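Protein chains in written order, with the UniProt record's numbering: chain A, 1 to 75; chain B, 1 to 408. Here the structure comes first, spelled out in structure tokens, and everything after it is commentary.
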Amino acid sequence: MSYILDLSKSVYEISKEHPDIIEIMKELGFESITAPGMINTAGRFMTIPKGALIKNISMDKIKEVFKSKGYEVKE
Amino acid sequence: MSEMINNREYRQKILKELIMELHNGKGVDEVKPRFEKLISGISAKEISEMEQALIMDGMPVEQIQELCDVHAAVFKGSIEEIHRPQKPEEAEGHPVNIFKLENIELDKIVKDRIKPHLESYKNSGKDEDKNYLLEDLSLLWEIDKHYSRKENLLFPFMEKYGITAPPKVMWGVDDEIRDAIKEGRVLLSSDTSDKGTLVEKIDGMADKVIEMIFKEESILFPMVLETLSEDEWAKIAQESDEIGYTIVKPKTRWIPENINKDDPAEDNVQPLNDGYIKFDAGLLTPEQANAMLNTLPVDITFVDKNGAVKYFTQGKERIFSRPKTIIGRQVENCHPPASVHIVEKIVEDLKAGIKDNEDFWIKMGEKYVYIRYFAVRNEQGEFLGIMEVTQDIKPIQSISGEKRLISQ
Chain A
1 MSYILDLSKS VYEISKEHPD IIEIMKELGF ESITAPGMIN TAGRFMTIPK
51 GALIKNISMD KIKEVFKSKG YEVKE
Chain B
1 MSEMINNREY RQKILKELIM ELHNGKGVDE VKPRFEKLIS GISAKEISEM
51 EQALIMDGMP VEQIQELCDV HAAVFKGSIE EIHRPQKPEE AEGHPVNIFK
101 LENIELDKIV KDRIKPHLES YKNSGKDEDK NYLLEDLSLL WEIDKHYSRK
151 ENLLFPFMEK YGITAPPKVM WGVDDEIRDA IKEGRVLLSS DTSDKGTLVE
201 KIDGMADKVI EMIFKEESIL FPMVLETLSE DEWAKIAQES DEIGYTIVKP
251 KTRWIPENIN KDDPAEDNVQ PLNDGYIKFD AGLLTPEQAN AMLNTLPVDI
301 TFVDKNGAVK YFTQGKERIF SRPKTIIGRQ VENCHPPASV HIVEKIVEDL
351 KAGIKDNEDF WIKMGEKYVY IRYFAVRNEQ GEFLGIMEVT QDIKPIQSIS
401 GEKRLISQ
């Protein structure tokens with residue numbers, strides 16, 4: 001089954017629909033994401049592309065990993 | 001250009017011309033582009049002030065009202081929108097506005113100075129470039145004030161609203177940046193440091209500074225602007241001077257519109273009550289007790305048994321600045337995350353009675369600071385809280401011999 005990962009949505013919004021993205025993002029190097037309350041606060045203002053810029057993680061890699069987990073990436 | 005951006009009189013003149021044009025029969029659509037240009041970047045408040053000024057100058061109100069159609073056209077149909085509140089973060093002196101201006105300066109230091117100097121040093125390896133970099137890093141160290149205001153003034157309010165994770169993570173990174181700047185300065189001052197390591201470390205530190213600017217602008221500021229109330233911002237603005245600013249200095253203190261301008265959020269001006277406080281040996285008025293504590297040659301902070309900061313003295317020169325916003329705050333949130341576990345251990349030991357006090361002594365610039373933590377207990381031995389006493393002992397250490405009344 002394929003999920004849609006909408007990159008324009010906030011991490012908070014995406015995680016509400018697909019809670020498993022938190023674990024995937026942590027594996028990708030967003031280690032602060034699992035700090036309690038992070039998703040509900042900063043997550044509302046964060047998008048995956050913004051996070052990628054901050055953490056210097058390539059968007060290509062992120063897309064690739066999400067695709068391998070069965071996501072369809074929407075830009 | 002500057003007269004177009006900055007000059008009220010100039011704008012007023014244009015506004016007047018526009019009104020006259022309308023009055024002389026020009027259509028809204030003809031006037032609209034100039035009006036749009038005129039009002040871009042200025043507040044609705046200033047527009048109404050300008051209109052008011054024109055009325056005072058004798059321009060008939062009816063003529064000015066003709067502008068309403070233009071307002072409406074520019075703001076897509078809603079006249080109310082012209083009077084919508086200005087974005088607070090754009091107001092001069094608003095804490096977020098100051099943070100943003102500081103970020104512009106910090107960005108410049110990194111991109112226009114550190115990066116080019118680093119590149120030049122990488123190619124030449126000259127001492128001259130190292131000296132430039134040392135200067136740049138000294139200037140960059142001003143970032144400490146930007147971070148301190150964020151940590152000590154902004155974070156407490158975020159905690160109040162239950163936003164605890166982002167501040168903790170961010171504070172950790174702030175400290176990493178501070179350490180990296182210090183390390184960079186040590187490496188630059190040493191003759192034996194390896195060029196490769198030096199370039200790599202400073203470059204990494206510079207990137208972290210830029211990242212932090214991005215984090216603040218794209219997450220932190222939007223988050224706090226949505227969360228904090230105007231009077232909380234006023235409080236932050238008020239406490240900011242105590243810590244100081246990074247490179248920029250606000251010309252005016254921001255006062256929110258819905259707060260009485262003569263009394264900017266002064267909730268701490270309640271006079272001390274009359275009457276006396278009875279001590280074990282004697283009575284003092286609250287005024288005397290307060291003034292005495294502030295006159296003690298040491299800085300005192302008291303944290304209650306639940307870990308909330310309850311009080312600190314207001315001596316003339318405090319060793320560690322204490323903004324009033326920390327009153328009521330949990331003490332573990334007032335320390336950098338790296339040292340929190342140490343603080344917690346001290347608190348536990350003092351609380352449990354394992355120790356009665358714990359002392360530290362550190363060098364801080366010219367000062368030799370003696371920091372002592374005491375368990376405060378009542379007569380029954382019940383734990384009431386912890387008192388921190390700090391003091392610069394350098395002048396005391398240099399005392400020798402005797403000085404007697406008679407030698408005066």
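Using N, Cα and C, we set each Cβ at its ideal position, and we do this for glycine too. From a predicted model like this one, the values you see are computed outputs, not experimental measurements.
Compare the C-beta of B/Ser-193 with all C-beta atoms of chain A and state if any pair is closer than 7 Å. no
Let me check understanding here. Comparing Cα to Cα, which of B/Lys-215, B/Asp-241, B/Thr-313, B/Thr-197 lies closest to B/Gly-125? Looking at the Cα atoms, B/Thr-197 is the closest of the given residues.
Apart from the five residues on each side of it in sequence, which residues of its chain come closer than 8 Å, Cβ to Cβ, to B/Leu-38? Cβ within range, chain order: Arg-11, Ile-14, Leu-15, Leu-18.
Considering only their Cβ atoms, is the gap separating B/Val-331 from B/Gly-315 smaller than 7 Å? no
Along chain B, in chain order, which residues have C-beta atoms closer than 7 Å to that of A/Ala-42? Pro-166, Ile-219, Met-223
Just how far apart, CA to CA, sit B/Asp-231 and B/Ala-281? 42 Å
Please report how far the alpha carbon of residue 439 of chain B lies from the alpha carbon of B/Val-309, in whole angstroms. With chain B running from 1 to 408 in the structure shown, residue 439 of chain B is simply not present.
Buried or exposed: B/His-341, going by 16 or more other Cβ atoms within 10 Å of its Cβ? exposed
Completely contained alpha helix (DSSP H) runs for the UniProt domain "Hemerythrin-like" (95-224) of chain B, where each covers 4 or more residues: Runs found: 95-108, 115-124, 127-140, 143-149, 155-160, 165-189, 195-215.
Tell whether a beta-carbon distance below 7 Å holds between B/Pro-222 and A/Phe-30. no
The alpha helix (DSSP H) spanning A/Lys-50 covers which residue range? 48-55
Considering A/Val-11, what are the terminal residues of the beta strand (DSSP E) in which it resides? Segment 11-17 is the alpha helix (DSSP H) holding A/Val-11; no beta strand (DSSP E) there.
Within 8 Å, do at least three Cβ pairs link the stretch 320-328 of chain B to the stretch 237-255 of chain B? yes
Nearest-angstrom Cα separation, counted from B/Val-169 out to B/Ser-78: Because the pLDDT at B/Ser-78 is just 34, under 50, the model does not fix this residue reliably, and the value given afterwards should be weighed accordingly. Those two C-alpha atoms are separated by around 43 Å.
Whose C-beta lies closer than 7 Å to the C-beta of B/Tyr-276 among residues of the same chain, with five residues either side of it excluded? Leu-283, Leu-284, Thr-285
For the structure I just gave you, are there three or more beta carbon pairs, one from the stretch 134-152 of chain B and one from the stretch 107-118 of chain B, closer than 8 Å? Counting C-beta pairs closer than 8 Å gives three or more between the stretch 134-152 of chain B and the stretch 107-118 of chain B, which meets the contact rule.
For B/Asn-131, the nearest candidate out of B/Glu-217, B/Trp-141, B/His-117, B/Glu-21 (CA to CA): B/His-117
Once the 5 residues before and after B/Cys-334 are set aside, which same chain residues still bring their CB inside 7 Å of it? Val-309, Ile-326
Compare the C-beta of B/Ile-202 against all C-beta atoms of chain A and say whether one is closer than 7 Å. no
Cutting at 8 Å between CB atoms, please list the residues of its own chain near B/Glu-92, excluding the five before and the five after it. Pro-250, Lys-251, Thr-252, Trp-254
Measure the C-alpha to C-alpha separation of B/Gly-328 and A/Val-11 and round it to an integer number of angstroms. Roughly 33 Å separates the two Cα atoms.
Assess contact between the stretch 51-68 of chain A and the stretch 170-189 of chain B, defined as three or more Cβ pairs (one per stretch) separated by less than 8 Å. Is contact present? Judged by Cβ distances under 8 Å, the stretch 51-68 of chain A makes no contact with the stretch 170-189 of chain B, as fewer than three pairs qualify.
Of all the CB atoms in chain B, is at least one closer than 7 Å to the CB of A/Gly-37? So yes, A/Gly-37 belongs to the interface.
Give me the residue from B/Phe-302, B/Val-209, B/Trp-141 with the minimum Cα distance to B/Phe-374. B/Phe-302
Which chain B residues sit within Cβ distance under 8 Å of A/Leu-53? Phe-214
The ligand ADP and B/Arg-113: does the residue's C-beta get closer than 6 Å to at least one heavy atom of that ligand? The ligand ADP is absent from the structure shown, which contains no ligands of any kind.
How about B/Glu-211: is its C-beta nearer than 7 Å to some C-beta of chain A? yes
Run through the stretch 327-391 of chain B for me and flag every whole alpha helix (DSSP H) of 4 or more residues, listed as ranges in chain order. For the stretch 327-391 of chain B, whole alpha helix (DSSP H) runs of length 4 or above, ordered along the chain, are 337-352.
Local conformation of B/Thr-227 per DSSP, three classes: helix
Residues of chain A with a CB under 9 Å from the CB of B/Ile-163: which are they? Gly-37, Asn-40, Thr-41, Ala-42
List, in order along the chain, the chain B residues whose C-beta lies closer than 7 Å to that of A/Ser-32? Val-169
Pairwise C-alpha distance: B/Gly-27 and B/Met-20: 12 Å
If you reduce the DSSP assignment to three classes, tell me which class A/Leu-7 lands in. DSSP places A/Leu-7 in the coil class of the three-state scheme, outside both helix and strand.
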